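If you read the protein sequences in the order shown, they are chains A and B. Counting in our numbering, the first sequence runs from 12 upward without gaps. Counting in our numbering, the second sequence runs from 8 upward without gaps.
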Amino acid sequence: MFETTRFESEQLLPASAVIAVSLAAFGGLMTMAAPGILGDVDVEALSEQLPAAIVEAFDLRAMGTIEGFIGLELYQFVWLIGLGAYLAYSAAGAISGDIEDGRLDTVLAAPISRRRLLFERFLALLTPILVINAVVFGAVYGASAVVNEPIALADLAAVHVFSIPYFLACGAFGTFVSVAAPRRLMAEGIGAGAIVGGFLLQTLVSGTDVSWLGALAPMRYYDPLTILTTGEYDLAGAGILLAATVGFLLAGAVYFGEVDVQ
Amino acid sequence: MRPLETNGLSKYYGEVRGIEDLTFSVETGEVFGFLGPNGAGKTTTIRTLMGFQSPTAGTATVLGADITDTAALRGARANVGYLPSEPGFNENVTGRRLLEYHGSLRGDVRSDEMLELFDPPLERKVREYSRGNKQMLAIVLAFMHDPDLLVMDEPTSGLDPLKQERLLEFIRAEQQRGKTFFFSSHILSEVRKVCDRVGIIRDGHLIELEDVESLLDRSGKMVRARVNDALDGSAFDLDGVHDIEVSDGGDGSTDGTTISFTYTGAYEPLLRRLLAYDLHDLSIEEAPLEDIFMRFYGENPAAQAERIEDGFDGRDGADATDETDGKDGTEEDSETADV
């Protein structure tokens, strides 16, 4: 049971560690630098000089507190878009890459179903998700404690806990693309591109007549900045992300079960 | 129940024909050679049988499981060993980790024993493996769960001659234990050594299905004689003489004439005819499987003749004896240049 998940998790571990350490270093430094920067810069004044749309789009007013600052500097972009795109990319290259390199035949020759293989490979994504979450959470909280401006522990924990359904949805989308796209490169491009595109879409349509289109973007359902600055959690959003995860996995499993591997 | 059975099995990739209407079966304990040139449909057949792709038409069973019944075929695969033509592995891990992983998927009852025969460097990462080492690892994976049926796509490819021989020996020994083999190949000497029966596939169609022995019987003998007289091909218009070739050395030298042909008749009339000449040298040997094979391969008579000549060349190269060397050598060169 879960031999494939274990095997693939081992494969993902080195990259997970590198990303975790990099993000932790970045997040930790930003957190430690926050009090100094916030003391020097008048965010309100700055906001008034910039076009209103930019201020709105990037939530610049929230920047005045350490929670808002770290939310914008780390979670709202690098974390939400960067890591989300990485997970979708990584998942998208998984089965498509196995097919392209002829590795899948060796595995499918064993008495394992394709459905199970797909599911187990998806589960392996929990390794980067959990490792990176734990390390970055520790670093940011630790750094905020060091500079004596502790971020509310429950809120910071919520940012990380609620990121799990979000990243799972990104990974499930990537997994679906991995079996549905004809080539690995294309799958990876679609996987990562969809996350970045989703963010752009949400940003562009917000405040317009077609703002409902933003519902397609996964980041509509997970907003780390709001969690950090207001302490509000989007439980329904997390539910939608989990439902999307299941949906993509089921669709991927059905498709993968029917298609010729070649 | 036969371990492997197909009935009208066809696979098209869109409009492109992979295989069409293949009907054959492999008996328990048999070594079945599946022969054909590159692109004939060998790998397509094997991958369809393994369930990696669905047939367009027709049916097939593997150890009794219908290949379109995913769950049944999955169960059957627990008892099937598969050796792909180009084994692909995750190359970031050591051979040992891969062995452990695949062992956990299919069970491992005899990898230790296999590793004594085929010994890839398990502690090294697979990315550092040579083609031969990858092949050996794939062989260990194919046999590690002691399956009843082995499906192998060009099993000796990449192996050095010693290991090739070892694998063929191992296949024979496993056959004694009641294992069934279905393997594709284009190397006839290995087919000759281990196969009981062969199916020959060309352009996606099965064009021959026969015992190796009767295939060889039917194909006759290769006769090559050197006589000190001048003669032409019509001197040997006996029944059963095919593909006659006469060469007189070209420069009227004293070496006489060399005549060679394939012969499917009785010995006596042939010998009588030969003794009418001043016979300098004579060899009668089993026709190389290559020649028979080439006959099935040729798309048209001209291409066929060319290929048979190529076949002769190949055989000459392998069996060359000192007496016939010099002149044939030049002939071979000129033929090669012509082709």
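Quick reminder that beta carbons are idealized off the backbone N, C-alpha and C, glycines included. Predicted model only: the values in this text are computed from it and were never measured.
Pull up the CB-CB distance for residue i and residue j, whole angstroms please, since I reckon it's below 8 angstroms.
i      : j      : result
L238/B : T264/B : 5 angstroms
I74/B  : T55/B  : 7 angstroms
G43/B  : I208/B : 4 angstroms
P154/B : G88/B  : 4 angstroms
R204/B : F39/B  : 5 angstroms
S107/A : R17/A  : Between R17/A and S107/A the Cβ distance is about 21 angstroms, and since that is not below 8 angstroms, they are no contact.
R5/B   : L106/B : Residue numbering for chain B in the displayed model covers 8 to 346; residue 5/B lies beyond these limits and cannot be assessed.
R65/B  : D28/B  : Residue identity check: residue 65/B is Gly in the sequence provided, not Arg. Sure, about 7 angstroms apart at Cβ, within 8 angstroms.
T15/A  : R132/A : 6 angstroms
M151/B : R117/B : 6 angstroms
G247/B : G227/B : 7 angstroms
Does residue i pass the burial test, meaning 16 or more other C-beta atoms within 10 Å, or should it be called exposed?
i      : result
Q183/B : exposed
E316/B : With a pLDDT of 41 at E316/B, under the threshold of 50, the modelled position of that residue is not reliable, and the figure given next carries that caveat. Flag for E316/B reads buried.
G318/B : Low local confidence applies: a pLDDT of 40 at G318/B is under 50, so the model's placement there is unreliable, with the coordinate-based value given in what follows. Buried, because 16 or more other Cβ atoms sit within 10 Å of the Cβ of G318/B.
N307/B : Bear in mind that the predicted position of N307/B carries a pLDDT of just 45, short of 50, making it too unreliable to give a figure here.
D340/B : Note that D340/B scores a pLDDT of 38, beneath 50, so its modelled location is shaky; the value from the coordinates is reported in the next line. Exposed is the call here.
P10/B  : buried
I65/A  : exposed
Q213/A : buried
R231/B : buried
E275/B : exposed
H109/B : buried
S17/B  : buried
Y20/B  : exposed
P68/B  : The sequence shown places Thr at residue 68/B, rather than the Pro named in the question. Buried, by the Cβ-count rule.
T138/A : buried
T52/B  : buried
S267/B : buried
A325/B : In this predicted model, A325/B has a pLDDT of only 37, less than 50, meaning its place in the structure is not dependable enough to derive any value.
D167/B : exposed
Q273/A : exposed
Along chain B, which residues have their Cβ under 7 angstroms away from the Cβ of residue i?
i      : result
A121/A : R84, H109, L112, R113
V272/A : F59, Q60
F133/A : None at all; the shortest Cβ gap to chain B is about 17 angstroms.
F18/A  : Y108
G225/A : Residues of chain B passing the Cβ test: none, with the nearest at roughly 39 angstroms.
E14/A  : Y108, S111, L112
On the DSSP letters alone, give me the boundaries of the alpha helix (DSSP H) that residue i sits inside.
i      : result
E293/B : Not the alpha helix (DSSP H): E293/B falls in the beta strand (DSSP E), residues 286 to 293.
Y1/B   : Because chain B is modelled from 8 through 346, residue 1/B falls outside the range shown and cannot be assessed.
K141/B : 138 to 150
G248/A : 246 to 269
Y100/A : 95 to 111
D51/A  : 14 to 51
S155/A : 137 to 157
R81/B  : 77 to 84
A192/A : Taken as a continuous stretch (DSSP letters only), A192/A belongs to no alpha helix (DSSP H), as it is neither H nor E.
A56/A  : 54 to 60
D197/B : Sequence check: residue 197/B is Glu here, not Asp. Note, E197/B: alpha helix (DSSP H), 195 to 201.
F41/B  : Premise fails: F41/B lies in the beta strand (DSSP E), 38 to 42, not in any alpha helix (DSSP H).
G79/A  : 77 to 81
Residues of chain B with CB under 8 angstroms from residue i, in chain order?
i      : result
G113/A : P91, E93, P94, G95
Q22/A  : N97, N99, V100
T76/A  : None at all; the shortest Cβ gap to chain B is about 44 angstroms.
Between which two residues does the beta strand (DSSP E) carrying residue i extend?
i      : result
Y270/B : 264 to 270
S192/B : 187 to 192
L90/B  : 87 to 90
Y20/B  : 11 to 20
R134/B : Unbroken run through R134/B: none, as it is neither H nor E.
A67/B  : 64 to 69
R204/B : 204 to 209
So does residue i have its beta carbon nearer than 7 angstroms to some heavy atom of the ligand SAH?
i     : result
A26/A : For the structure depicted, the ligand SAH is absent and the ligand set is empty, with no information on it obtainable.
What in chain A is Cβ-close to residue i, meaning under 9 angstroms?
i     : result
T66/B : Under the 9 angstroms cutoff, chain A gives no residues; its nearest Cβ is about 17 angstroms from T66/B.
So which residues of chain A does residue i contact, with C-beta pairs closer than 8 angstroms?
i     : result
R81/B : P122, I123, S124
Who are the neighbours of residue i on chain B, taking C-beta pairs under 9 angstroms?
i      : result
G268/A : T77
T138/A : The premise fails here: T138/A is roughly 15 angstroms from chain B at the closest Cβ pair, so nothing lies under 9 angstroms.
T214/A : Those do not exist, as T214/A stays about 37 angstroms from chain B at its closest Cβ, beyond 9 angstroms.
Taking C-beta pairs closer than 7 angstroms, name the residues in chain A that residue i reaches, listed in chain order.
i      : result
L156/B : Within chain A, no residue comes near L156/B; the closest Cβ sits about 12 angstroms away, beyond 7 angstroms.
L122/B : By Cβ distance, chain A contributes nothing, its closest Cβ being about 17 angstroms from L122/B, past 7 angstroms.
Touch test, the segment 246 to 265 of chain A against the segment 186 to 203 of chain A, Cβ-Cβ under 8 angstroms, three pairs minimum: yes
At least 3 beta-carbon pairs within less than 8 angstroms: the segment 194 to 210 of chain A vs the segment 232 to 249 of chain A: no
Segment contact flag, the segment 234 to 249 of chain A with the segment 127 to 137 of chain B, C-beta cutoff 8 angstroms, min 3 pairs: no
Touching by the beta-carbon criterion (3+ pairs, under 8 angstroms), the segment 139 to 156 of chain A and the segment 165 to 172 of chain A: yes
At least 3 beta-carbon pairs within less than 8 angstroms: the segment 74 to 81 of chain A vs the segment 47 to 66 of chain A: yes
Sufficient close CB pairs (3 or more, under 8 angstroms) joining the segment 29 to 44 of chain A to the segment 88 to 101 of chain A: yes
At least 3 beta-carbon pairs within less than 8 angstroms: the segment 236 to 245 of chain A vs the segment 215 to 225 of chain A: no
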